[in-house]
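Structure, as structure tokens:
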Amino acid sequence: MKNVRKVFIYGSDTHSTAAFMPRLMRALETAGIAVSDLLEEDVDMIIVVGGDGTFLRLLRDHEFPSVPIAGVNTGHLGFFMEFMPHELDSFIASVAAGDYTVHRHRPLMATVLHDEGKTDIYKGINDVVVRKNASSIVHLDLSIGSSYIERFSGDGLLISTPAGSTSYNYSLGGGIVDPRVSVIQVSPIAPMNTTSYRAFTSDVILPSDMTVKIEPEHRGSPGLIIVDGAEYRYDCFESISVAMAREEILLVRKTDYSYWSWVAQKFI
Ligand code: NAP
Ligand code: MN
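Following this note's numbering, the numbering of the sequence shown begins with 188 at its first residue and continues without gaps.
Structure representation (structure tokens):
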């Protein structure tokens with residue numbers, strides 16, 4: 188891969204990140220790698236320091252940049268953050284030498300219709316949640332492609348990417364999807380199943396070129412959309428359509444990275 192000569196740094200505001208930053212700066216300077224204050228065209232790599240939440244915020248703040256992103260884990264789980272602070276020297280040496288791999292991940296693109304014709308677009312690398320609010324049951328009409336499927340009743344629906352399959356989806360009993368398989372997964376959140384309400388209790392898995400459409404039973408009622416953990420509230424929610432975006436983000440991994448070893452290391 189490309190020898191890294193200039194980086195942009197993005198960090199969380201925790202004590203462990205603050206303690207790591209001076210060490211990172213010194214190591215970059217020693218290796219002759221410049222640090223840019225802005226995410227300019229000639230930046231070779233973004234170094235993100237924190238946890239997965241920091242990685243998700245970087246994507247949101249910088250609109251899913253197309254520059255390779257390397258994560259250093261000073262947070263908790265750090266599924267996206269492969270490099271550890273104690274590996275700083277070998278991390279810097281390998282990026283300077285171009286000795287790393289890049290894994291491509293496509294985000295979801297969610298289009299929300301609200302307030303009689305207004306549109307908002309959000310991107311998420313993990314997942315999109317559709318609810319009514321924090322506590323109510325919601326009744327949602329689910330369509331996949333041009334087929335109407337069901338009226339779902341429960342807490343909400345979650346739509347996830349393979350990258351997000353190890354996050355909220357996994358806690359809901361969804362399947363862990365190897366990111367080399369390009370699919371969209373729809374998971375029910377606390378589905379109700381009685382003689383009054385009936386919907387799938389399992390996840391459904393779709394090809395990545397399909398669109399999932401969700402409409403509240405009463406079009407124009409309140410809705411809560413959560414994308415990669417960021418909440419967006421609507422008083423007059425009409426529908427949301429979710430599909431795979433065309434662009435990709437580039438995640439830097441070690442050359443010997445193995446998805447299933449990483450999953451086992453983080454979960455078992
Ligand atoms: P958070 O509340 O700190 O995140 C929940 C946990 O999920 C953290 O431990 C986080 O890692 C981890 N995580 C995030 N993305 C992951 C991934 N792709 N694979 C495996 N683990 C992952 O909030 P956050 O850090 O801003 O993350 C937002 C995400 O939280 C959402 O996209 C959603 O998937 C997830 N979430 C999970 C649940 C649940 O499991 N019950 C409920 C709500 C939201 P770090 O510790 O490194 O941050
Ligand atoms: Mn977090």
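Here a beta-carbon is modelled for each residue, glycine too, at the ideal position from N, C-alpha and C.
| Under the criterion of a Cβ to heavy atom distance below 7 Å, does D276 qualify as lining the ligand NAP? | Taking the first residue of the sequence shown as 1, we reach residue 276 at position 89. Outside the cutoff, so no.
| field | Straight-line gap, S478 to H292 (C-alpha atoms, nearest Å) | value | Because the chain spans 188 through 455 in this model, residue 478 falls outside it and cannot be assessed.
| Can you round the beta-carbon distance between D286 and T381 to whole angstroms, since I take them to be within the 8 Å contact cut? | In the sequence shown, residue 286 corresponds to position 99, counting from 1. In the sequence shown, residue 381 corresponds to position 194, counting from 1. D286 to T381, Cβ: 57 Å. No contact.
| query | Is H263 near the ligand NAP, going by C-beta to nearest heavy atom under 7 Å? | reply | In the sequence shown, residue 263 corresponds to position 76, counting from 1. Yes, the Cβ of H263 comes within 7 Å of a heavy atom of the ligand NAP.
| Alpha-carbon spacing of K189 relative to R213, whole angstroms | Translated into the one-based positions of the sequence shown, residue 189 becomes position 2. Translated into the one-based positions of the sequence shown, residue 213 becomes position 26. Cα-Cα distance, rounded: 22 Å.
| query | By Cβ distance below 8 Å, which residues in the same chain neighbour I324 in space, the five residues on each side in sequence not counted? | reply | Numbered from 1 along the sequence shown, position 137 holds the residue referred to as residue 324. Result list for I324: S340, G341, D342 and M379, in chain order.
| query | Hey, V439 and A257 are a contact pair by Cβ (cut 8 Å); roughly how many whole angstroms apart? | reply | Position 252 of the sequence shown, counted from the first residue, corresponds to residue 439. Position 70 of the sequence shown, counted from the first residue, corresponds to residue 257. Rounded, the Cβ-Cβ distance is 4 Å, consistent with contact.
| From K453 to S322, what distance separates their C-alpha atoms? | Position 266 of the sequence shown, counting from 1, holds the residue named residue 453. Position 135 of the sequence shown, counting from 1, holds the residue named residue 322. Whole-angstrom Cα-Cα distance: 31 Å.
| Considering only the beta carbon of each residue, do G416 and V317 sit closer than 8 Å? | Translated into the one-based positions of the sequence shown, residue 416 becomes position 229. Translated into the one-based positions of the sequence shown, residue 317 becomes position 130. Contact flag unset, no.
| From D159 to L243, what distance separates their C-alpha atoms? | What is shown of the chain runs 188 to 455, which leaves residue 159 out entirely.
| request: List the DSSP bridge partners of I233. | output: The count along the sequence shown starts at 1 and reaches residue 233 at position 46. According to DSSP, which records beta bridges pairwise, I233 is partnered with F195 and I256.
| query | Going by the C-beta, is D248 closer than 7 Å to any heavy atom of the ligand MN? | reply | To locate residue 248, count along the sequence shown from 1; it is residue 61. No, the ligand MN has no heavy atom inside 7 Å of this Cβ.
| query | Does DSSP put E418 in a helix, in a strand, or in coil? | reply | As a working mapping, residue 418 is identified with position 231 in the sequence shown. The answer is strand: DSSP assigns E418 an E or B state.
| query | Which whole-angstrom value describes the C-beta separation of D198 and G238, a residue pair presumed to lie in contact below a C-beta threshold of 8 Å? | reply | Looking up residue 198 in the sequence shown gives position 11. Looking up residue 238 in the sequence shown gives position 51. Rather than Asp, the amino acid found at residue 198 in this sequence is Gly. Actually they are not in contact, since the Cβ atoms of G198 and G238 sit about 11 Å apart, beyond 8 Å.
| said: Determine whether the beta carbon atoms of F266 and T201 lie at a separation below 8 Å. | reply: Translated into positions along the sequence shown, residue 266 becomes position 79. Translated into positions along the sequence shown, residue 201 becomes position 14. Contact flag unset, no.
| request: State yes or no: is the C-beta of I279 within less than 8 Å of the C-beta of V259? | output: Within the sequence shown, the letter at position 92 stands for residue 279. Within the sequence shown, the letter at position 72 stands for residue 259. In this structure, V259 does not lie closer than 8 Å to I279 by Cβ.
| query | Of all the options E402, L359, G361 and V414, which has the alpha carbon lying nearest to the alpha carbon of R338? | reply | The residue given as residue 338 occupies position 151 in the sequence shown. Selected option, being the one with the closest Cα: E402.
| task | Give me the Cα-Cα distance between S426 and L245, rounded to the nearest whole angstrom. | result | Residue numbering aside, residue 426 sits at position 239 when the sequence shown is read from its first letter. Residue numbering aside, residue 245 sits at position 58 when the sequence shown is read from its first letter. If I take the Cα positions, the gap works out to 27 Å.
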